[in-house]
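As they're listed, the protein sequences go chains V and F.
Each residue of the first sequence is one higher than the last, beginning at 3 in my numbering.
Each residue of the second sequence is one higher than the last, beginning at 12 in my numbering.
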Amino acid sequence: MQITLEIWRQKGPTDSGHFETYQAKAEPDMSFLEMLDVLNEVLLAQGKEPVAFDHDCREGICGSCSMVINGFAHGPEALTTTCQLHMRSFQDGDRITIEPFRAKAMPVQKDLVVDRSAFDRIMAAGGYVSVNTGAAPEAHSVPVPKENAEQAMDAAACIGCGACVAACPNAAAMLFTSAKISQLSLLPQGQPERKARALAMVSQMDKEGFGACTNHYECMGACPKGISVDNIARMNREYLRSELLP
Amino acid sequence: MTHTLDSKVPSGDLSSKWTQYKFDLKLVNPANRRKFTVLVVGTGLAGASAAASLAEMGYKVKSFCIHDSPRRAHSIAAQGGINAAKNYKNDGDSVYRLFYDTIKGGDYRSREANVYRLAEVSTAIIDQCVAQGVPFAREYGGLLANRSFGGAQVSRTFYARGQTGQQLLLGAYSALMRQVHSGGVEMYTRREMMDLVVVDGIARGIITRNLITGQLERHAADAVLLCTGGYGNVFFLSTNAKASNVTAAWRAHKRGAYMANPCFTQIHPTCIPVSGSHQSKLTLMSESLRNDGRVWVPKKAGDARRPGDIPESERDYYLERKYPSFGNLVPRDVASRNAKMVCDEGRGVGSSGMAVYLDFADAIARDGRDAIEARYGNLFQMYERITAEDPYKVPMRIFPAVHYTMGGLWVDYNLESTIPGMFVLGEANFSDHGANRLGASALMQGLADGYWVIPATIASHLAGRKLAPVGTDHPAFAQVEADSKARIDRMLAVGGSRSAFEMHRELGLICWEYCGMSRNAAGLNTALGKIRDLRGEFWNDLKLPGDGSGINQSLEHAGRVADFMEFAELMVTDALDREESCGGHFREEHQTPENEAKRNDEDFSYVAAWEFQGVDKPEILHKEQLDFENVKPSTRSYK
Ligand SMILES: Cc1cc2nc3c(=O)[nH]c(=O)nc-3n(C[C@H](O)[C@H](O)[C@H](O)COP(=O)(O)OP(=O)(O)OC[C@H]3O[C@@H](n4cnc5c(N)ncnc54)[C@H](O)[C@@H]3O)c2cc1C
Ligand code: FES
């Protein structure tokens with residue numbers, strides 16, 4: 003396959019950045035990142051700077067890869083991370099635009115690499131159960147209804163990639179934050195800190211400069227793990243509950 | 012500086028050693044703990060659990076990782092599950108049985124006392140994780156579900172769908188972030204440890220490179236914990252995440268930490284085969300697939316017919332044929348080696364001829380498509396996404412791939428390396444899995460080391476030794492920082508024509524060809540020559556873009572490849588030295604007439620711990636003799 007790539011190049015956080023056009027060769031059974039590996043080898047051989055991008059597991063679980071491809075966070079396939087995308091999803095002769103995940107709270111560091119440390123700070127604000135090592139009761143002392151465990155797992159499947167933010171017209175981090183709040187509010191272990199957690203995480207999210215949710219649900223469409231917007235509704239209930247009944 | 016290898020295994024009865032030892036250890040007074048700084052490098056299961064636990068106890072902890080967030084460590088990718096001797100199924104499991112299975116599975120090349128302790132603390136891991144909110148699979152009654160895994164005869168594996176590693180890591184990560192919030196841990200993301208700083212023979216700090224600014228940074232401490240994972244990527248293609256590396260361990264090795272059993276590498280039989288020369292990594296398909304899938308190849312070499320066109324009578328279900336009692340469920344090493352054998356005979360399938368079929372047709376006919384979908388739906392989907400083939404209709408093609416490394420830095424019972432004050436946890440150490448790791452035991456070991464072992468044993472160092480105050484202004488820091496800078500400058504200055512990527516791929520092919528699933532003296536000697544040549548080429552012909560400031564991913568990668576180039580030579584040397592077949596290490600010279608591994612307990616019942624002497628100089632071998640007081644070594648047989 004012969005493809006034309008329009009890739010966002012930006013030297014650093016203060017550089018204004020621009021698109022560059024490249025011609026690339028690919029095979030249909032290559033992954034999208036392998037196509038970029040090959041491009042980078044070509045650029046290096048030509049004495050040009052390779053394109054910087056985050057990646058690690060290359061199997062859709064670490065949440066490192068983060069590209070907006072032809073306007074879609076993680077590209078055109080549903081429930082797929084950038085690293086799981088294959089070139090067979092494209093046609094010979096296609097023109098493909100590649101940009102970083104963009105949001106005020108996730109500034110670009112170089113090319114396609116962005117700073118997602120705001121997510122860690124939201125987690126640090128309350129995304130945990132306060133139990134020191136050694137303080138846990140025997141695992142079977144607290145049964146968890148299967149239904150709750152399954153729903154908690156649905157929410158816990160979030161990989162923290164930030165596609166929800168990149169897809170949202172308001173750059174909101176509601177899906178990410180709500181997934182953790184939901185997981186822990188569904189489990190008995192999360193109950194004691196339930197209210198404080200919702201307040202702390204939401205307030206940190208606001209502090210980081212993420213936008214508000216205006217129910218576009220683009221986040222759910224972009225989420226490679228199928229995290230549902232039901233979590234946002236649950237988070238809103240948790241938050242209200244905490245505000246009204248402190 | 013030479014060290015004697017003292018494993019510090021406490022005396023006494025196996026089952027009471029750990030309790031007695033903890034009692035005998037000096038304690039660090041709670042009020043004094045905040046005076047001690049501990050550096051924890053790596054935020055996988057081992058590092059995140061250690062950093063959180065030590066900070067909870069009151070130590071001042073600094074935590075480092077390569078990724079933009081500690082949550083992205085390679086542990087996140089583990090699928091299958093975590094073992095624990097809870098005996099919730101009442102099927103006869105016990106701490107002793109888990110201990111026994113691990114010793115036997117490791118082909119009698121691990122230390123009894125360490126393995127027993129691992130089995131002993133396994134149950135508390137599950138309690139801890141559940142309390143953190145890890146959403147393990149549950150039964151209808153609300154209690155935890157278990158499955159049997161990797162041929163184990165009891166159901167002791169706990170799991171969270173196909174994402175157990177993710178959920179356990181997010182649990183440890185949340186504990187870590189709680190400590191970051193309360194000030195107990197200072198978190199340093201996008202940092203790569205470049206070297207270890209040793210002062211008066213004791214590990215007192217590290218040099219890191221800030222991967223965003225390119226700046227070298229100094230961190231002084233009273234103890235250093237390496238939790239930096241395994242070295243599987245020396246093979247270039249493996250199931251490991253791309254950033255997994257040997258750098259931290261190797262630099263520590265060059266500063267005096269012995270490297271143990273580097274030739275013990277694990278090859279996983281069920282991975283998606285290589286599809287082309289552009290391939291960047293391999294994907295594991297859970298071992299559970301072998302519960303229902305039947306492995307076969309055509310009887311005739313070079314049979315290019317489509318699988319559906321090959322009649323039953325012309326298929327060779329070779330595992331069922333050779334191992335009637337275990338069949339498709341033989342251990343990982345046996346399944347892998349046999350796949351290679353049939354492919355070497357020219358009977359491999361797919362365009363490359365380097366694959367075998369894993370066929371679900373019989374299982375689907377027997378149990379129905381729905382049942383198979385319920386069991387393996389997500390795996391089938393993953394396979395289809397990568398290969399564009401539908402495994403419900405055509406058999407999967409699988410081939411073995413490098414997956415895990417049992418070898419690693421040598422540690423004693425305290426998890427302390429031969430450099431006092433430097434401890435090694437998780438996959439980075441050699442300690443618990445001998446020559447072969449059982450499925451679902453790496454997650455267990457990482458968390459055992461971090462949550463339970465190090466919080467106790469670190470006192471042996473902090474309370475047991477007098478530590479003079481050392482700050483980053485100590486000349487040793489300036490010296491090691493200058494070394495790191497010189498090395499980076501040297502790579503940037505080569506100005507050659509070949510990329511690190513390309514040379515890493517070449518190194519991987521050499522290791523896979525000669526030091527992969529089966530090894531022989533001639534091949535290993537060939538490999539040594541090729542590795543040295545390639546290393547020479549690396550330093551003469553490396554091409555790098557840009558400079559050392561700012562984000563330079565090619566430079567990061569090249570630094571790791573440089574270390575793999577040196578490490579590979581030791582791995583091959585160790586494989587050459589170990590004149591026996593055991594676990595994941597198969598020496599063709601040492602096999603039975605039926606091509607099964609032949610262990611040599613008489614001469615090789617030891618841990619090979621290597622001491623660095625300088626690049627291009629032979630390393631010195633130290634042997635830690637393994638004594639089996641509780642389990643009598645026997646021959647593994649799966650016939
Ligand atoms: C696909 C796959 C599936 C698996 N499934 C299972 C399973 O089902 N059950 C099981 O028990 N085991 C499984 N394993 C094995 C298991 O996942 C690993 O052995 C284990 O997670 C390793 O944990 P760790 O904490 O030792 O290291 P890792 O998780 O590898 O973490 C290493 C950490 O060190 C950091 N680091 C590395 N080098 C440096 C440096 N120079 N400077 C700074 N930081 C550094 C990294 O950033 C990272 O944070 C699987 C492995 C793979 C590849
Ligand atoms: S690289 Fe890990 S999710 Fe894409």
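From the three backbone atoms N, C-alpha and C, an ideal C-beta is built for every residue, glycine too.
- Annotated as proximal: Ser121 (chain F) and Ile114 (chain F), with beta-carbon spacing under 9 Å.
- Boundaries cannot be given for Ser508 (chain F), as no alpha helix (DSSP H) includes it and DSSP labels it neither H nor E.
- Note that the segment 557-566 of chain F touches the segment 216-235 of chain F; at least 3 beta-carbon pairs, one per stretch, sit closer than 8 Å.
- Val116 (chain V) has V:Val110 as its beta-bridge partners, per DSSP.
- Inter-segment contact for the segment 313-331 of chain F and the segment 385-396 of chain F is absent: fewer than three beta-carbon pairs are separated by less than 8 Å.
- Distance from the C-beta of Pro171 (chain V) to the nearest heavy atom of ligand 1 is not below 8 Å.
- Taking a C-beta distance under 9 Å as the contact criterion, Asn531 (chain F) and Arg589 (chain F) do not qualify as a contact pair.
- For Ser74 (chain F), the enclosing beta strand (DSSP E) covers residues 71-75.
- Annotation: Phe639 (chain F) to Leu36 (chain F) spans about 25 Å, alpha carbon to alpha carbon.
- Of all C-beta pairs linking the segment 284-300 of chain F to the segment 96-113 of chain V, fewer than three are shorter than 8 Å, placing the two stretches out of contact.
- Distance between Met37 (chain V) and Met89 (chain V), taken at the CA atoms: about 8 Å.
- Proximity of Glu101 (chain V) to chain F, defined by a Cβ-Cβ separation below 9 Å, is not satisfied.
- Apart from the 5 residues on each side of it in sequence, Ala350 (chain F) sits with its Cβ closer than 7 Å to the Cβ of Pro280, Val367, Phe410, Pro411 in its chain, given in chain order.
- The beta-bridge partner set that DSSP reports for Met270 (chain F) consists of F:Leu420, F:Trp621.
- Look at Asn302 (chain F) here: in three-state DSSP terms it is helix.
- Cβ contact annotation for Arg45 (chain F) (same chain, cutoff 8 Å, sequence separation greater than five): Gly69, Tyr70, Lys71, in chain order.
- Within the segment 119-143 of chain F, the residues whose Cβ lies closer than 9 Å to any Cβ of chain V are, in chain order, Thr134, Ala135, Ile137, Asp138, Gln139, Cys140, Val141, Ala142, Gln143.
- Bounds of the alpha helix (DSSP H) holding Thr398 (chain F) are 380-398.
- Chain-ordered listing is empty here: chain V has no CB closer than 8 Å to the CB of Tyr424 (chain F), the nearest sitting near 20 Å.
- The DSSP-derived three-state label of Glu590 (chain F) is coil.
- Residue F:Leu109 holds the alpha-carbon nearest to the alpha-carbon of Gly450 (chain F) among F:Ser18, F:Glu67, F:Leu109, F:Arg498.
- Flagged as an interface residue toward chain F: Ile63 (chain V), by a C-beta distance shorter than 9 Å.
- Ser33 (chain V) carries a strand assignment under DSSP once its states are collapsed to helix, strand and coil.
- Residue contact with chain F for Phe92 (chain V): absent (no Cβ-Cβ distance below 9 Å to any residue of chain F).
- Residues of chain V with a Cβ closer than 9 Å to the Cβ of Pro466 (chain F) are, in chain order, Thr135, Gly136.
- In the same chain as Met417 (chain F), and ignoring 5 residues on each side of it, the C-beta atoms closer than 6 Å to its own belong to Phe275, His444, Arg448, in chain order.
- For Phe110 (chain F), the enclosing alpha helix (DSSP H) has its first and last residue at 106-116.
- In the DSSP assignment, no residue is bridged to Glu567 (chain F).
- Within the segment 557-568 of chain F, the residues whose Cβ lies closer than 9 Å to some Cβ of chain V are Gly557, Gly561, Ile562, Asn563, Gln564, Ser565, listed in chain order.
- Residue burial annotation: His264 (chain F) is buried, with at least 16 other C-beta atoms found within 10 angstroms of its C-beta.
- Closer than 8 Å to some heavy atom of ligand 2: that describes the Cβ of Gln86 (chain V).
- CA-to-CA, the gap between Lys148 (chain V) and Met237 (chain V) works out to about 21 Å.
- For Asp612 (chain F), the enclosing alpha helix (DSSP H) starts and ends at 612-615.
- Its chain contains Ile5, Leu7, Leu41 as the residues whose beta carbon lies nearer than 6 Å to that of Ala26 (chain V), once the 5 sequence neighbours on both sides are disregarded; these appear in chain order.
- In the three-state DSSP reduction, Phe169 (chain F) falls in the strand class (E or B).
- Between Ala467 (chain F) and Asn125 (chain F), the alpha-carbon positions lie close to 14 Å from each other.
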